[in-house]
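There are 2 protein chains.
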Amino acid sequence: MSTERPGAGQDRARQDRAVRTRQAILEAAAVVFEERGYEAAKLSDIVSLARVTKGALYFHFDSKDELAQAVMEAQVSIEPVYVPQEFRVQEFVDVGMILSHRLRHDVLLRGSTRLTLENGGRGLDRAAPYRGWIDLHTRLLTEAKARGELPAHVDPAQPARTVVGSFAGLNVMAHTLGLDLDREVSALYSSVMAGLVLPAVAVRLDTAPGRGARALHGPDGERACGCGDRLVRPAGE
Amino acid sequence: MSTERPGAGQDRARQDRAVRTRQAILEAAAVVFEERGYEAAKLSDIVSLARVTKGALYFHFDSKDELAQAVMEAQVSIEPVYVPQEFRVQEFVDVGMILSHRLRHDVLLRGSTRLTLENGGRGLDRAAPYRGWIDLHTRLLTEAKARGELPAHVDPAQPARTVVGSFAGLNVMAHTLGLDLDREVSALYSSVMAGLVLPAVAVRLDTAPGRGARALHGPDGERACGCGDRLVRPAGE
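In order, the protein sequence lines correspond to chains C and P. Going by our numbering, the first sequence opens with residue 1, and the numbers climb by one from there. Going by our numbering, the second sequence opens with residue 1001, and the numbers climb by one from there.
Below is the structure:
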């Protein structure tokens, strides 16, 4: 027997619809920001792609700045950022490999990383996503060091900054030259980890292309993923 | 005794002035592009910063696109990109370390790398700078391999792409977080080279911060450089 008050089902349906509409606006915004950049992006293109009214957009977001900020925040709120592993350094690698896997399928993430790298829209806090990623990587390497996976002289913050900054650039370069980001990120980690971890750990690390899909979906990786482009459509379509 | 025809001195003075005006426009454009991004950059801000007329700007550049393209090309035409060294892998490192040194002093380069990473201005050829840098790095590593500085299994194109893409991202991150780019680039090379070159070569490489200034100006590096911000002012000021 339900203990809900009468009408609660309707409220929930309305709430679900609002959540989906907000998500559709965010994803349409991500597509338009990725395609045109912040300055050239038009709210009219976003509402038309999201198939919502301008009123609906303004119900959820006060301004283009606020919308862009929400798109950028998407990249630090994805879950899971990694899956627990035997070695913390594998988790460190997995954060980037999973992100590269997700960027292939998730338009919201692509728009988000794009905005972080751009210049226009000077009210936006572009430092926050970098700081979030650097903190996460530093924490993982600090734990790895405490567990004896890294030599004692390593300062965890430096490789954390190196991979976060490098990842951002490889993402733009891959996009610009039509390269496979996953292969480029794999090469970065293979290279950085070889100089970082103790040899006994190095030989057991997986930094090969497809690692992100394997970390999330097991040894079959991309084949077991079945992840098409994630694109939520607004309610009622 | 001069063999010049009469009036040649005046022609040359006019030519010098035109070259300096073009350079002043390029550098003002670089400042404005770096500050505001391509889309938001206004030609009126550029002419006012360069202290030239709009007519002078249109004498040298047909459009904002053409001006941005010329700024972007500045980064592949800097000389020297490296100074001959005993090891080709040191030259490979020096390309990035010299570029990071120059970015500290050269506003034209800063605007150029900024535009390459941005999205707006869809007529611009953003792939060309990446390709130019990747080709140069690949050539240096191919020579390094032929001279026995690298293990036989290394594919020179992959580390070339890794450092070029990573450098671009570290540049944006350093700018966004107010970090010292030179230190970040040094960490990238230290990390990548450790996994790349043969140990006997590795111990003789200089990848420490300040390497760019040392490669250009000798062991005293930055102190011997005396490079302030390079900013050409138009003729007659």
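C-beta atoms are modelled at their ideal positions from N, C-alpha and C, and glycine is treated no differently. Predicted model only: the values in this text are computed from it and were never measured.
Exposed is the label assigned to P/Ala-1224, since fewer than 16 other Cβ atoms lie within 10 Å of its Cβ. When rounded, the separation of the alpha-carbon atoms in C/Ser-63 and C/Ala-28 is 15 Å.
P/Arg-1051 and P/Ala-1008 have their C-alpha atoms some 27 Å from each other.
Closest by C-alpha distance to P/Arg-1161, out of P/Leu-1108, P/Pro-1129 and P/His-1060, is P/Pro-1129. Taking 8 Å as the upper bound for CB-CB distance, P/Ala-1187 and C/Ala-194 are not in contact here, some 15 Å apart. Residue burial is scored here from C-beta neighbours: P/Leu-1198 has fewer than 16 other C-beta atoms within 10 angstroms and is therefore classed as exposed. If you look at P/Val-1164, you'll find it in the alpha helix (DSSP H) that goes 1157-1177. Using a 10 angstroms sphere on the CB of P/Arg-1005, the tally of other CB atoms stays under 16, which defines it as exposed. Distance from C/Tyr-38 to C/Leu-99 at the Cβ level is roughly 21 Å; contact not present, criterion being Cβ atoms closer than 8 Å. Per DSSP, reduced to three states, the secondary structure at P/Asp-1106 is strand. CA-CA distance, P/Ala-1013 to P/Thr-1053, rounds to 19 Å. C/Ser-100 has a beta carbon lying at 7 Å or more from every beta carbon in chain P. Contact annotation for P/Thr-1207 against chain C: no contact, minimum CB-CB distance about 11 Å [criterion: below 7 Å]. When Cβ-Cβ separations below 7 Å define contact, P/Gly-1111 makes no contact with chain C.
For P/Thr-1142, the enclosing alpha helix (DSSP H) begins and ends at 1127-1146.
A distance below 7 Å separates the beta carbons of C/Arg-88 and C/Ala-144. Counting along the chain, P/Ile-1025 sits inside the alpha helix (DSSP H) bounded by residues 1008-1040. Think of a sphere of 9 Å around the beta carbon of C/Thr-142: no beta carbon from chain P falls inside it, the nearest being about 17 Å out. Shown here, P/Thr-1116 sits in a helix according to DSSP, grouped into three states. For the pair C/Asp-135 and C/Pro-156, the Cα-to-Cα distance works out to about 10 Å. If you ignore the 5 residues before and after C/Glu-149, its C-beta comes within less than 7 Å of the C-beta of Phe-87, Arg-88, Val-89, Val-197, Leu-198 and Val-201, all in its own chain and listed in chain order.
Interface criterion not met: the Cβ of C/Leu-181 is under 7 Å from no Cβ in chain P. Close to P/Pro-1156, with beta-carbon spacing below 8 Å, lies no residue of chain C; the smallest spacing is near 12 Å. Note on the segment 1038-1077 of chain P: whole alpha helix (DSSP H) runs with a minimum of 4 residues are 1043-1050, 1054-1060 and 1064-1073, in chain order.
P/Gln-1090 carries a helical assignment under DSSP once its states are collapsed to helix, strand and coil. The Cβ of P/Ser-1191 sits closer than 7 Å to at least one Cβ of chain C. Straight-line measurement puts the Cα of P/Val-1185 at about 21 Å from the Cα of C/Pro-151. Closest in alpha carbon position to C/Ala-213, among C/Phe-92, C/Glu-222, C/Leu-205 and C/Leu-177, is C/Glu-222. Residue-level contact by beta carbon fails for C/Val-107 and chain P, as no gap is shorter than 7 Å. Residue contact with chain C for P/Ala-1168: present (Cβ-Cβ distance below 7 Å to some residue of chain C). Below the 9 Å Cβ cutoff, chain P contributes Ala-1187 and Ser-1191 as neighbours of C/Pro-159, in chain order.
At least one CB of chain C lies nearer than 7 Å to the CB of P/Gly-1195. Rounded to whole angstroms, the separation of the alpha carbons of C/Thr-21 and P/Val-1107 is 44 Å.
Within chain C, the residues Met-173, Thr-176 and Leu-177 have their CB atoms less than 7 Å from the CB of P/Tyr-1130, given in chain order. Here P/Asp-1220 carries a coil assignment [DSSP, helix/strand/coil].
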